[in-house]
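Engineer: Below: one structure in structure tokens.
6 protein chains.
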Amino acid sequence: MNRIYLLVNIKVMNKEKEFNDYRSRLNERLLGTKDKIIKRIYNLDTNAFLDGHLNKETKELIGLTCSLVLRCDDCVKYHLGKCYELKFKTEEVIEAMSVASLIGGTIVIPHLRKAVEYWDELNSHV
Amino acid sequence: MNRIYLLVNIKVMNKEKEFNDYRSRLNERLLGTKDKIIKRIYNLDTNAFLDGHLNKETKELIGLTCSLVLRCDDCVKYHLGKCYELKFKTEEVIEAMSVASLIGGTIVIPHLRKAVEYWDELNSHV
Amino acid sequence: MNRIYLLVNIKVMNKEKEFNDYRSRLNERLLGTKDKIIKRIYNLDTNAFLDGHLNKETKELIGLTCSLVLRCDDCVKYHLGKCYELKFKTEEVIEAMSVASLIGGTIVIPHLRKAVEYWDELNSHV
Amino acid sequence: MNRIYLLVNIKVMNKEKEFNDYRSRLNERLLGTKDKIIKRIYNLDTNAFLDGHLNKETKELIGLTCSLVLRCDDCVKYHLGKCYELKFKTEEVIEAMSVASLIGGTIVIPHLRKAVEYWDELNSHV
Amino acid sequence: MNRIYLLVNIKVMNKEKEFNDYRSRLNERLLGTKDKIIKRIYNLDTNAFLDGHLNKETKELIGLTCSLVLRCDDCVKYHLGKCYELKFKTEEVIEAMSVASLIGGTIVIPHLRKAVEYWDELNSHV
Amino acid sequence: MNRIYLLVNIKVMNKEKEFNDYRSRLNERLLGTKDKIIKRIYNLDTNAFLDGHLNKETKELIGLTCSLVLRCDDCVKYHLGKCYELKFKTEEVIEAMSVASLIGGTIVIPHLRKAVEYWDELNSHV
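If you want it as structure tokens, here you go:
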């Protein structure tokens with residue numbers, strides 16, 4: 001009898017890694033253009049979220065909620081990643097996003113769904 | 127001679143079902159957080175589209191067109207689903223969306239394309 | 253004894269008239285530029301709100317609510333004026349705007365305040 | 379000799395009071411409509427900014443910055459008023475708004491100007 | 505006979521000057537806060553509109569039209585002022601804004617009205 | 631020994647073609663509805679970007695940057711395709727988009743990433 005081995009390399013990549021890889025690759029591409037405005041916007045973006053008069057935790061919540069009301073899924077993901085690193089609790093992140101949903105209206109709900117899905121993915125790594 | 131049976135379970139899922147399943151699963155996840163604001167926004171959302179001084183047909187057209195000018199594809203899909211249940215004719219839905227496209231500008235057109243694609247999918251079930 | 257007559261011409265202009273006069277004057281200015289795109293947008297705008305597969309009442313509600321979620325005060329005023337001419341009841345207009353406020357979030361509330369103020373002004377003419 | 383008394387009642391009202399009076403008067407008008415959706419949105423809005431998993435200070439910063447990126451001057455004023463009551467320092471409020479300006483772009487700057495003008499007015503009462 | 509002299513100092517200030525004065529005063533206030541993010545955004549804003557791979561005329565048209573579709577009246581005024589300095593013809597400015605109005609929809613029209621009013625004011629100085 | 635031939639037809643379609651095919655198919659669907667408003671918006675859209683007081687190159691840059699600040703990925707792709715046909719250099723397109731990113735804020739960055747990815751794809755055909 002013949003045995004047929006079907007070896008299938010399924011490239012399982014979690015959503016978080018996929019997002020970060022795409023982001024990094026294209027950020028490098030953009031910074032590689034040597035465009036000064038883009039370079040300085042990126043630079044500003046890094047500095048703006050460091051500890052200052054407000055601590056970086058508060059700033060990340062600002063980044064998260066502003067991204068949510070502006071309905072930018074990738075920006076929300078980025079700030080959720082940062083919130084995860086800063087050890088925010090799920091109920092804090094959810095509450096921040098609930099306030100943003102009230103401000104931005106039900107139009108924000110589809111983005112809230114994607115956000116909680118990504119947050120759960122981040123927390124499933126343990 | 128060897129016979130090789132390749133049993134492939136192709137999970138064919140239509141766009142409508144895929145959208146509704148994803149939506150339901152994450153709505154449950156969000157309501158499961160016990161966050162009061164989210165719960166009450168969902169509740170309000172259900173009540174707002176019931177018959178009142180305006181009938182629910184008119185309200186769905188409002189929901190559809192507001193979603194379109196705000197360029198929220200998932201919201202548009204949701205309201206198209208409701209419009210389908212309420213037996214709107216294609217020409218009525220298209221006309222409502224054409225008014226919204228004029229108000230919102232050509233920036234709305236890519237969302238209008240997705241909308242008509244989804245509307246046709248809803249109508250292909252018969 | 254000297255009598256001093258102080259004749260003061262107080263130009264009392266209601267908000268509605270002021271809005272309409274400003275609008276008309278600058279619409280004429282814009283159409284006077286002979287720019288074809290502007291001319292055709294204006295033309296389209298007139299046609300889009302006529303009776304069609306949907307009646308003009310429904311279309312005005314669409315115009316009103318889309319303007320409200322996009323937070324364009326002048327557009328809201330314009331459509332409130334049309335709704336007034338079409339003999340909409342206050343509770344209908346308020347309900348339409350409440351649905352829009354839910355969709356667009358609390359960010360819409362300041363525009364809702366201006367809207368109801370203008371609606372009351374329209375209704376104070378009797 | 380004739381004396382002419384010109385009694386002029388100059389109604390000097392500071393911007394803060396003017397804003398709050400207008401806001402209160404029209405909120406009452408809206409709540410007076412008995413529209414349930416509007417009533418419940420107002421109710422939710424009050425509850426959302428109370429202490430919860432996040433304290434009310436953090437929530438006000440969220441309210442302030444979301445309002446700023448959405449470019450709603452009246453919403454910004456409202457949250458600045460709350461930040462003032464909560465004894466935020468100027469440098470904290472400015473830093474929060476600078477993060478929002480980076481997120482929302484230079485299109486936010488005109489609203490930032492109005493915001494700092496109102497903040498200074500709030501602080502000039504002492 | 506008694507002569508009554510009524511000396512009235514009417515502070516006639518044109519719209520352009522009023523806008524520029526307000527802008528300058530509050531820009532100074534903001535830069536006076538020593539907030540680094542704000543300072544660098546202002547700096548970037550100055551640099552971005554200088555001649556580069558694209559000339560400054562093209563960049564001003566980009567600034568003007570992006571401001572218009574984002575419906576920021578003050579930003580539109582600012583770029584109209586720059587376009588005036590750069591000796592743009594009325595038909596060029598109008599055409600640029602007509603393209604923006606098509607992209608952004610009829611919701612842009614009220615801002616187009618204000619824009620042409622301000623442009624005419626700029627051109628009435630001769 | 632048994633040889634098993636697995637013939638797999640991989641449908642490799644580049645992003646550009648995929649985008650254009652989808653766009654064309656649904657544009658035809660929409661124009662096939664005979665809705666007059668939609669037909670005329672499409673018509674206007676074609677005319678608006680032809681040479682006029684401004685040349686079509688300038689108009690495409692306006693279309694590109696307005697699409698970017700409004701964060702419409704499909705609109706950005708469309709105008710990038712046109713810019714490619716008009717032989718724009720990479721540094722010109724990047725500079726135009728950097729100005730738009732400053733105006734629209736960091737919320738635009740995820741769309742800028744997709745834009746440069748698509749631009750590179752357009753340029754990889756040679």
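Chains as they are written, first to last, in this note's numbering: chain A, 1 to 126; chain B, 127 to 252; chain C, 253 to 378; chain D, 379 to 504; chain E, 505 to 630; chain F, 631 to 756.
Every residue, glycine too, gets a C-beta built ideally from N, C-alpha and C.
1. Classify leucine 31(A) as buried or exposed, calling it buried when 16 or more other Cβ atoms lie within 10 Å of its own Cβ.
2. Please decide whether leucine 26(A) counts as near chain F, where near means a Cβ-Cβ distance under 8 Å.
3. Contact criterion: CB-CB distance below 8 Å. Does serine 731(F) meet it with respect to chain A?
4. Among the candidates Gly63(A), His125(A), Val99(A), Leu68(A), whose CA atom is the shortest distance from the CA of lysine 82(A)?
5. I'd like to know whether the C-beta of alanine 726(F) is nearer than 8 Å to at least one C-beta of chain E.
6. In this structure, does DSSP put arginine 197(B) in helix, strand or coil?
7. Could you say if the segment 47–59 of chain A and the segment 464–483 of chain D meet the contact criterion of at least three C-beta pairs nearer than 8 Å?
8. Looking only at its own chain, which residues have a Cβ that is under 8 Å from the Cβ of isoleucine 668(F), when we skip the five neighbours before and after it?
9. When burial is assigned at 16 or more other CB atoms within 10 Å of the CB, is glutamate 396(D) buried or exposed?
10. In chain D, which residues lie less than 9 Å from tyrosine 533(E) when you measure between Cβ atoms?
11. List the whole-angstrom C-beta distance separating cysteine 450(D) from cysteine 66(A), where the pair is believed to meet the contact cut-off of C-beta under 8 Å.
12. Determine the chain D residues that contact cysteine 576(E) at a beta-carbon separation under 8 Å, and present them in chain order.
13. Taking 8 Å as the CB-CB cut-off, is threonine 270(B) touching chain C?
14. Is isoleucine 463(E) close to chain A, meaning its C-beta is less than 8 Å from at least one C-beta of that chain?
15. Considering just the uninterrupted stretch of the alpha helix (DSSP H) at histidine 615(E), what are its terminal residues?
16. Is the segment 39–49 of chain A touching the segment 420–427 of chain D in the sense that three or more CB pairs, one from each, lie closer than 8 Å?
17. Would you tell me roughly how many angstroms separate the C-alpha atoms of leucine 759(F) and leucine 26(A), rounded to the nearest one?
18. Using alpha carbons as the reference points, say which of Leu574(E), Lys563(E), Trp623(E), Thr562(E) lies closest to proline 488(D).
19. Could you list which residues in chain E have their beta carbon closer than 7 Å to that of glutamate 721(F), in chain order?
20. Does the CB of tryptophan 527(E) have a neighbour CB from chain A at under 8 Å?
21. Could you give the C-beta distance for leucine 710(F) and tyrosine 748(F), rounded to a whole number, given that I count them as a contact under 8 Å?
22. Going by C-alpha to C-alpha distance, which of Asn650(F), Leu752(F), Thr663(F) sits closest to isoleucine 220(B)?
23. Name, please, each residue of chain B whose Cβ falls closer than 8 Å to the Cβ of leucine 379(C).
24. Tell me the rounded alpha-carbon separation between glycine 356(C) and histidine 755(F).
25. When the cut-off is 8 Å and only beta carbons count, does methionine 631(F) lie next to chain B?
26. Could you tell me whether any Cβ in chain C is nearer than 8 Å to the Cβ of cysteine 461(D)?
27. In angstroms, rounded to a whole number, what distance separates the CA positions of leucine 248(B) and serine 276(C)?
28. By the 10 Å Cβ neighbour count, where 16 or more other Cβ atoms means buried, how is aspartate 539(E) classified, buried or exposed?
29. For lysine 455(D), which residues from the same chain have a beta carbon less than 6 Å from its beta carbon, with the 5 sequence-adjacent residues on both sides left out?
30. Considering only their Cβ atoms, is the gap separating threonine 720(F) from threonine 562(E) smaller than 8 Å?
31. Relative to the C-alpha of lysine 141(B), which residue among Asp200(B), Leu194(B), Glu154(B), Arg166(B) is closest?
32. For leucine 698(F), collect the residues of the same chain with a Cβ closer than 8 Å to its Cβ; drop the 5 residues on either side in sequence, then sort them by chain order.
33. In chain B, which residues lie with their C-beta within 9 Å of the C-beta of threonine 695(F)?
34. Starting from phenylalanine 397(D), trace the alpha helix (DSSP H) both ways and give me its first and last residue.
Structural biologist: A quick look at the data gives this:
1. exposed
2. yes
3. yes
4. Gly63(A)
5. yes
6. coil
7. yes
8. Leu660, Leu661
9. exposed
10. According to the sequence provided, residue 533(E) is arginine. The question's tyrosine does not apply to it. Arg491, Val494, Glu495, Asp498, listed in chain order.
11. Contact doesn't hold; Cβ gap of about 13 Å is too wide.
12. Arg449, Ile485, Pro488
13. Here chain B comprises residues numbered 127 to 252, so residue 270(B) is not present and cannot be evaluated.
14. Outside the shown range of chain E, which is 505 to 630, sits residue 463(E), and nothing can be said about it.
15. 613–627
16. no
17. Nothing about residue 759(F) can be read from this structure; chain F reaches only from 631 to 756.
18. Leu574(E)
19. His557
20. Per the sequence shown, the amino acid found at residue 527(E) is arginine instead of tryptophan. So, not an interface residue.
21. 6 Å
22. Thr663(F)
23. Coverage of chain C is limited to positions 253 through 378, which leaves residue 379(C) absent and any answer about it impossible.
24. 43 Å
25. Legend: pLDDT at methionine 631(F) = 46, less than 50; position of this residue unreliable, no value from coordinates given.
26. no
27. 44 Å
28. buried
29. Phe397, Tyr496
30. no
31. Asp200(B)
32. Val706, Met727, Ala730, Ser731, Gly734, Val738, His741, Leu742, Ala745
33. Going along chain B, no residue has its Cβ under 9 Å from threonine 695(F), so there is no contact; the nearest lies around 13 Å.
34. 393–409
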